[in-house]
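A.B. asks: Below: one structure in structure tokens.
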Amino acid sequence: MSVHEAHIESTASPEQLHELAQQLRVDAVRTSTAGGSGHPTSSMSAADLAAVLLARHLRCDYSRADDPANDHLVFSKGHASPLLYAMFKAVGAIDDEELLTFRRHGARLQGHPTPEIPWVDVATGSLGQGLPIAVGIALAGKRLEGAGYRVWVLCGDSEMAEGSMWEAFEHAGHAQLDNLIAIVDVNRLGQRGPTMHEWDTSSFAARARADGWHVQEIDGHDVAAIDEAYAAATQAGRPAAIFARTKKGKGVAAVEDKPGWHGKLVADPDDAIAELGGVRSLHVRVQRPSPGPPARPLPREQVARPQYEAGGKASTREAYGDALAWIGGTDERVVALDAEVSNSTFAERFAAAHPDRYFEMFIAEQQMVAAAVGLQVRGWKPFASTFAAFLARAYDFVRMAAISDADLKLCGSHAGVSIGEDGPSQMALEDLASLRAVGGSVVLYPCDPWQTAQLVEAMSRHRGISYLRTTRGATPVIYGPDDEFAIGGSRVVRSSGEDDVTLVGAGITLHECLTAADRLGERGVRARVVDLYSVKPVDGETLAAAAAETRAIVTVEDHWPEGGVGEAVAGALADRDARTRLVRLAVSKLPGSGKPAELMAEVGIDAASVVRAAEDALGR
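Residues in the sequence shown are numbered from 0 upward in steps of one, following numbering that gives the first Met the number 0.
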């Protein structure tokens, strides 16, 4: 067997490791060339780091992607996907024919990795996300499972400018995640030129040390130094970071350490492959993971189903906490995360009942959502909560979670002008629009505590990205324990059978619609009231019936007019070619501080505004 066709074992010599790295570089060039685009130079800089990891330190059974003992490998620098796919070929997970389908329509090997490939945990490519998500995977192993797997993350130096990376460093240090190893490929060159720190790894190292990490700075092309660094990292007893100085395009003189080659094919791939020593067919026998300890049972405290008195009042945010604690007692896979506002979101009730499954993420919303994505990689069901306004910080993580086909359950409290005196910085007038825009998402907006409990339970059973919007103030209890609320449904709360107008509300505005219906009735106008608690998917059939049976529809929402309840209704009616007069009431101006009732009147979404809109729509 020639040196270009040998098997690489865990006892590989430095010469064999070098040959494997060269194969990875060659295949990165071949892959990108076959695809007609890609990032070969970003892949070539990290090839030595990848070769030593595969041959000497990774523990993974590539024939069993679902083996819970497997190490995890996250490519935070997802644009270096040609390197990842070359690694998959080297271990026999894919063949050379599939390697060369890179970026083709319908192929698994997309431009940036996605979980369509069974050895990829999460989609990456939006920089600054891989390490924060890896923190969640590591938290699952250390806190919940008592497992022995390690989480390896290949990061790029350009993404070290992202604040989310340092949220990850800080949380991992705080949580003492000794199963997490970050490998930072410091190749000096970003997309448009040199990075902020170029090869000065000392600034990165100082910050990581301050966060409690074991830190090493090495030559990223010295396979012996890489091997020693990995060995030390696995024995560090705390999270470990390796800052490796490398050269972009390493091994090909025409592109090595030269600006202007980011995301571009090498000019002459045949010459480049020859310069790298030609095509190889080395096969790596990756170490198999040990079975590890048996799954660690977690205590599951039974919590009574929450109860609410008819005619009373309770806030939906409080009902969220009650329901989450209750469901945590019936489903041991449910976990909860909060961004240091659990006494406002009432996630603290889950924390009190199930402390082993609660994660305090502090004021770091990106890390909170990322950790939730990492936890669901391991099969947990994460509920993550904060003020709805602050989820906007983590929106890109939610967007990427959809690409990962992640099971993510979000709760945003304190939404809309109805929060009152805190003012517009806290009001979240965009959340329905932003979460509706996420592919495949579910958006729910309950109006009373019984409905909230039902919808939290429905979220726990639903797989995908779901969002629950809760209200700060107490609202009347209008439903009972036997009422059922399915995702995608609505509820006709009031109807006479001879209705003149339909009022559509959700959450806080459902109660304004009910009050408006009473006032309209006093004036001889019969109003149907629809509780549109499922804003996505929306119950188009009920809305179409309202359009056919009443002369006008008025929607009312505590949200900007763009992308919320009104547009959901308009879209549903358009899809069914249902034609009626549609009036949309929404927050009409930038609010300030004030009492909830004052603000709702000022922006035109209170009961009096609904009455006026309904009468105008009917020509009265």
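From the three backbone atoms N, C-alpha and C, an ideal C-beta is built for every residue, glycine too.
Model, not experiment: these values are computed from the prediction.
Since L390 contacts G411 with CB under 8 Å, what's their CB separation in whole angstroms?
C.D. replies: That belief holds up - the Cβ atoms of L390 and G411 are roughly 5 Å apart, short of 8 Å.
A.B. asks: How many angstroms separate the CA atom of M0 from the CA atom of P293?
C.D. replies: Residue confidence is low: M0 scores 43 on pLDDT, short of 50, so the model does not pin down where it sits. Its coordinate-derived value is still stated next. Roughly 41 Å between the two C-alpha positions.
A.B. asks: So, is A27 buried or exposed, given that buried needs 16 or more other C-beta atoms within 10 angstroms?
C.D. replies: Classification of A27: buried, given that the 10 Å Cβ count is 16 or more.
A.B. asks: Report yes if the CB atom of G539 is closer than 7 Å to the CB atom of A432, and no otherwise.
C.D. replies: No, the Cβ-Cβ distance between G539 and A432 is not below 7 Å.
A.B. asks: Look at the alpha carbon of Q22 and the alpha carbon of K88, and state the distance between them as a whole number of angstroms.
C.D. replies: Rounded to whole angstroms, Q22 to K88 spans 10 Å at the Cα level.
A.B. asks: My parser needs the alpha helix (DSSP H) runs of 4 or more residues fully inside the stretch 150-233; what are they?
C.D. replies: Counting only runs of 4 or more, we get 162-174, 201-209, 222-233.
A.B. asks: In three-state DSSP terms, what is V476?
C.D. replies: It is coil, neither helix nor strand.
A.B. asks: Does the distance between the C-beta of R611 and the nearest non-hydrogen atom of the ligand ZN fall short of 6 Å?
C.D. replies: Looking for the ligand ZN in the displayed structure turns up nothing, as the structure carries no ligands at all.
A.B. asks: Less than 7 Å between the beta carbons of V476 and A207, yes or no?
C.D. replies: Against a cut-off of 7 Å, the Cβ pair of A207 and V476 comes out as no contact.
A.B. asks: So L454 and P381 are supposed to be a Cβ contact under 8 Å. How far apart are they, rounded?
C.D. replies: Contact doesn't hold; Cβ gap of about 17 Å is too wide.
A.B. asks: Quick one, which of V333, P193, N178 has its alpha-carbon nearest G155's?
C.D. replies: If we check each option's Cα against that of G155, P193 comes out closest.
A.B. asks: For the alpha helix (DSSP H) that H111 lies in, which residues bound it at each end?
C.D. replies: From DSSP, H111 is part of no alpha helix (DSSP H); its letter is neither H nor E.
A.B. asks: If you reduce the DSSP assignment to three classes, tell me which class Y532 lands in.
C.D. replies: The answer is coil: DSSP assigns Y532 none of H, G, I, E or B.
A.B. asks: Specify, as a first and last residue, the run of the alpha helix (DSSP H) that L264 falls within.
C.D. replies: Neither: L264 is in no alpha helix (DSSP H) and is coded neither H nor E.
A.B. asks: Roughly how many whole angstroms lie between the Cα atoms of E317 and T344?
C.D. replies: Between E317 and T344, the C-alpha separation is close to 7 Å.
A.B. asks: What are the start and end residues of the alpha helix (DSSP H) that includes S314?
C.D. replies: Looking at the DSSP string, S314 is not in any alpha helix (DSSP H); the run it does join, the beta strand (DSSP E), is 312-314.
A.B. asks: Going by beta-carbon coordinates alone, are G172 and D210 separated by less than 7 Å?
C.D. replies: Against a cut-off of 7 Å, the Cβ pair of D210 and G172 comes out as a contact.
A.B. asks: For a quick check, are the C-beta atoms of D221 and R244 less than 7 Å apart?
C.D. replies: Taking 7 Å as the Cβ cut-off, D221 and R244 do not qualify as a contacting pair.
A.B. asks: Whose CA, out of E339, G506, G504, lies closest to the CA of E364?
C.D. replies: If we check each option's Cα against that of E364, E339 comes out closest.
A.B. asks: Going by CA-CA distance only, name the one from L581, A567, W559, K247 that's closest to S551.
C.D. replies: Residue identity check: residue 551 is Ala in the sequence provided, not Ser. It is L581.
A.B. asks: One question on the structure: do D70 and R58 come within less than 7 Å of each other, judged by their Cβ atoms?
C.D. replies: Contact: yes.
A.B. asks: Whose C-alpha, out of I116, E347, G311, A313, is nearest the C-alpha of W325?
C.D. replies: Residue E347 is the option with its Cα nearest to W325.
A.B. asks: Given this structure, state the Cα-to-Cα distance separating V90 from A239, to the nearest angstrom.
C.D. replies: V90 and A239: Cα-Cα distance of roughly 25 Å.
A.B. asks: Touching or not, the stretch 138-158 and the stretch 176-190, by the rule of three or more beta carbon pairs under 8 Å?
C.D. replies: The stretch 138-158 is in contact with the stretch 176-190.
A.B. asks: On the premise that H111 lies in contact with G124, defined as a C-beta separation below 8 Å, what is that separation, rounded to the nearest angstrom?
C.D. replies: That pair is a contact at about 3 Å.
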